[in-house]
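Here the structure is laid out as structure tokens; the discussion comes afterwards.
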Amino acid sequence: MRFDATLELARIIHRSKSGNLVQALSLFMLAFFVNCKKGTFAVALLVLQGVAGACVVPGVITSSLSIAPSLAGTIISLVLFFGKIGSAISPNVGTLQEWSKIFASSALLLIFSALFFLIFASAEQQSWSFEKITTLDEEFDDKAVDTANKPRSS
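Heads up, our numbering is the position in the sequence shown plus 466, with the first residue counted as 1.
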């Protein structure tokens with residue numbers, strides 16, 4: 467039996483990303499089943515959401531490392547930047563209705579991203595992530611062609 471590292475990596479990433487569905491479930495429950503009298507239930511759901519989020523992080527990092535090793539830092543920076551926009555626009559202190567809308571919309575985004583990722587993502591290195599390597603001979607040939615095509619000044 468042959469071990470296919472790319473296939474195994476894809477399985478790990480997909481399983482990790484499916485943690486988004488658990489996060490979405492906990493956020494939906496926070497949005498629609500929690501009020502000020504159910505504080506313990508709210509804390510339990512927030513803990514569940516955090517644990518599920520911790521399961522997602524290895525998949526996100528592994529995915530960006532596997533699809534573009536040379537650009538992983540840039541990709542992770544962009545993911546974190548866009549992920550922090552939600553923190554910046556959320557209210558410091560809000561009403562129960564405001565937070566319900568935030569939790570529900572976050573849950574919908576998590577479901578969409580998880581399904582999109584599970585359907586279309588792969589663990590294969592992408593063609594755009596390869597660097598073009600030029601040798602000194604190629605560089606010299608390019609310069610020779612450039613100088614050969616220039617008109618001579620008299």
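Every residue, glycine too, gets a C-beta built ideally from N, C-alpha and C.
Predicted model, so just to flag it, every value in this text is computed and none were measured.
Original post:
Cα-Cα, which of 474, 518, 579 and 492 is closest to residue 507?
Top reply: By 1-based counting over the sequence shown, the position of residue 507 is 41. Of 474, 518, 579 and 492, the residue nearest in Cα terms is 492.
**OP:** Note down, in chain order, each residue of its chain lying with its Cβ closer than 6 Å to the Cβ of residue 573, except the 5 sequence neighbours on either side.
**Re:** Residue mapping note: residue 573 aligns to position 107 of the sequence shown, counting from 1. Hits under 6 Å: 490, 493 and 494.
Original post:
Which residues in the same chain as residue 501 place their Cβ atom closer than 6 Å to its Cβ, once the five residues preceding and following it in sequence are excluded?
Top reply: The residue labelled residue 501 in the question sits at position 35 within the sequence shown. Excluding sequence neighbours, residue 501 sits near nothing in its chain.
Original post:
So is residue 515 buried or exposed if we call it buried at 16+ other beta carbons inside 10 Å?
Top reply: Within the sequence shown, residue 515 is the residue found at index 49, counting from 1. Buried, because 16 or more other Cβ atoms sit within 10 Å of the Cβ of residue 515.
Original post:
Quick one, which of 567, 481 and 570 has its alpha-carbon nearest residue 523's?
Top reply: As a first step, residue 523 is located in the sequence shown; it is residue number 57 there, counting from the start. When each option's Cα is compared against that of residue 523, the closest is 481.
**OP:** Note down the Cα distance separating residue 562 from residue 550, rounded to an integer number of angstroms.
**Re:** Residue 562 sits at position 96 when you count from the first residue of the sequence shown. Residue 550 sits at position 84 when you count from the first residue of the sequence shown. One C-alpha to the other measures close to 22 Å.
Original post:
Alpha carbon to alpha carbon, what distance is there between residue 583 and residue 521?
Top reply: Numbered from its first residue, the sequence shown carries residue 521 at position 55. Numbered from its first residue, the sequence shown carries residue 583 at position 117. Looking at the two C-alpha atoms, the distance is approximately 15 Å.
Original post:
What do you get for residue 552, buried or exposed, if any count of 16 or more other CB atoms within 10 angstroms of its CB means buried?
Top reply: In the sequence shown, the residue the question calls residue 552 occupies position 86. So residue 552 ends up on the exposed side.
Original post:
Is residue 486 closer than 9 Å to residue 577 when the C-beta atoms are compared?
Top reply: Taking the sequence shown and counting its residues from 1, one reaches residue 577 at position 111. Taking the sequence shown and counting its residues from 1, one reaches residue 486 at position 20. Contact: yes.
Original post:
Near residue 586, what residues of its chain come up, given a Cβ to Cβ distance below 7 Å and the 5 sequence neighbours on each side ignored?
Top reply: Against the sequence shown, residue 586 aligns to sequence position 120. Taken in chain order, the list of residues that qualify is empty.
Original post:
By Cβ distance, which residues of its chain are closer than 7 Å to residue 580, with the 5 residues on each side in sequence left out?
Top reply: Numbered from 1 along the sequence shown, position 114 holds the residue referred to as residue 580. Excluding five sequence positions before and after residue 580, the CB atoms of its chain that fall closer than 7 Å to its own CB belong to 483, 484, 486 and 487, given in chain order.
Original post:
Taking DSSP as the reference, what is the three-state secondary structure of residue 540?
Top reply: Walking along the sequence shown from the start, residue 540 turns up at place 74. Residue 540 falls in the helix class under three-state DSSP.
Original post:
Considering only residues of the region 525-575, which uninterrupted alpha helix (DSSP H) runs meet the minimum length of 4 residues and lie entirely inside it, listed in chain order?
Top reply: For secondary structure counted as the alpha helix (DSSP H) over 4 or more consecutive residues, the region 525-575 holds these complete runs in sequence order: 538-555.
Subject >> residue 614 classed as buried or exposed, judged by whether at least 16 other C-beta atoms fall within 10 angstroms >> reply: Along the sequence shown, one-based indexing puts residue 614 at 148. Below a pLDDT of 50, predicted positions are generally treated as unreliable, and residue 614, at 49, falls in that range; the measurement from the model is reported next regardless. Under this definition residue 614 is an exposed residue.
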